[in-house]
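Each step along the sequence shown adds one to the number in the UniProt record's numbering, with nothing skipped, and position 181 is 181.
One structure below.
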Amino acid sequence: MQSGRAGATLGGMKYAILRTQKLKATGAVWRSLKHAFREQPTPNADPAKAAQNAHLGATSAAEAMQKVRKRLPEKRRKDAVLAIEYLITASPEAMQAMDARGRDGYFNDALKWLRERHGGSNVVYAGIHRDETTPHMYAYVVPLDEATGRLNCRKWLGGAKALSEMQTDFADNVGARHGLERGIKGSRAKHQRVQRHYGLVNRAADQVAELGMLDRASLGVGKPTKKALEAIEGGDSYITLAQQHQARQKATKAREKALFEQGHELRNQKARAEQQQAQAAIAQKQVQELRQQLEAEKRRAAKADELAATYRAGRDQAIDELRALRPQRGHGLER
1 MQSGRAGATL GGMKYAILRT QKLKATGAVW RSLKHAFREQ PTPNADPAKA
51 AQNAHLGATS AAEAMQKVRK RLPEKRRKDA VLAIEYLITA SPEAMQAMDA
101 RGRDGYFNDA LKWLRERHGG SNVVYAGIHR DETTPHMYAY VVPLDEATGR
151 LNCRKWLGGA KALSEMQTDF ADNVGARHGL ERGIKGSRAK HQRVQRHYGL
201 VNRAADQVAE LGMLDRASLG VGKPTKKALE AIEGGDSYIT LAQQHQARQK
251 ATKAREKALF EQGHELRNQK ARAEQQQAQA AIAQKQVQEL RQQLEAEKRR
301 AAKADELAAT YRAGRDQAID ELRALRPQRG HGLER
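Put into structure tokens, the structure is as follows:
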């Protein structure tokens, strides 16, 4: 195991690299997992080395997606972060200087750190990519707050202070064990002038075959490799690509939002239809009961009519008999 500073790499130091990406839609999680499992074209990866990749927790994007779904609470906000994608690696020369055992030890320590940070059950999948220029680990975490049972990404990634503390904690407890330094604190704020290049080129990197994981990682710490610098020298062309990429991302998110809202409305319509069906069934039952009551009332009325007829017949007969008796009584009194 290495310790302290070892070798002269970026700026004379070897850096631990930790990056995060918030995934707010199931489609975003699915696409990221398909990339992780190489179930879609990956230009920067060497297909001949794909068998060297390692997967822990799932063997396919579908299985990992199912594990994510199982951890999600049934009730959650529309804009909740469903999963955090962690990327863990080191400055390119540092990773190249490590042997296979050292790299695996670094990734194992990083995975242990993630489990302690989020809880083992919430780290649903982790994988190591060895088919790109620089080995790196991906991990997918459901930001479930065990204390409340709710998704709460802000608890771990809420604001610049929390993000800076996360970087420091990772560097102290994982990176330092392997001779890696923390990135420069506040470097993101101090490099606003070049952020337009670094940030946009980094987002556009997937569109540029010449830039691999090594070069993208160097951009992430603000210490670009020679190849990354050559890419940046392309200037406007790369920025244009980045802007196009950002526009596509924005459009994709807008479509995802529209589809989510459409699905939400369809679910509401279905719920309203089911409620109306239930109400119709109750009304139909009430109508049937009223019909039964009406039929019973008709039967009682018919019976009453029958009794009334019998009564009238008996009364008429009695009247006739009385009338028949009156003349006889009067005749017997005459002299």
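We treat Cβ as the ideally placed atom computed from N, Cα and C, and that holds for glycine.
Since the model is a prediction, treat every value here as computed from it, not as a measurement.
Cβ-Cβ separation, residue j to residue i (assumed contact under 8 Å), whole Å
i: residue 72; j: residue 142; result: 7 Å
i: residue 90; j: residue 14; result: 6 Å
i: residue 30; j: residue 61; result: 7 Å
i: residue 180; j: residue 139; result: Contact flag wrong, Cβ pair sits at about 18 Å.
i: residue 174; j: residue 278; result: Not confirmed; about 56 Å, so no contact.
Residue interval of the alpha helix (DSSP H) (run including residue i)
i: residue 34; result: 26-36
i: residue 21; result: No alpha helix (DSSP H) contains residue 21, which is instead part of the beta strand (DSSP E) from 16-23.
i: residue 168; result: 159-173
i: residue 63; result: 61-71
Enclosing beta strand (DSSP E) for residue i [first to last residue]
i: residue 56; result: 54-56
i: residue 141; result: 136-141
i: residue 182; result: Looking at the DSSP string, residue 182 is not in any beta strand (DSSP E), and its letter there is neither H nor E.
Cβ-based neighbour list, residue i, same chain, cut-off 7 Å, excluding 5 preceding and 5 following
i: residue 167; result: 18, 182, 183
i: residue 149; result: 73
i: residue 253; result: none
Contacting residues, own chain, Cβ-Cβ under 6 Å from residue i (five flanking each side not counted)
i: residue 118; result: 141
i: residue 209; result: With a pLDDT of 40 at residue 209, under the threshold of 50, the predicted position of this residue should be treated as unreliable, though the coordinate-derived value follows. Within the same chain, residue 209 has close Cβ partners 43.
i: residue 188; result: Only weak support is given to the placement of residue 188: the predicted model assigns it a pLDDT of 49, under 50, and the value that follows is read from those uncertain coordinates. So the list is empty, once near-sequence residues are dropped.
Contact under 8 Å by Cβ, residue i with residue j
i: residue 177; j: residue 109; result: yes
i: residue 163; j: residue 85; result: no
i: residue 137; j: residue 170; result: no
i: residue 131; j: residue 46; result: yes
i: residue 81; j: residue 151; result: yes
i: residue 134; j: residue 95; result: yes
i: residue 256; j: residue 36; result: no
i: residue 145; j: residue 161; result: no
i: residue 83; j: residue 128; result: no
Close-in-space but distant-in-sequence residues of the same chain around residue i (CB under 8 Å, 5 per side omitted)
i: residue 57; result: 64, 67, 123, 124, 125, 126
i: residue 324; result: none
What are the complete beta strand (DSSP E) segments, minimum 3 residues, inside the segment 73-132? 83-90, 123-129
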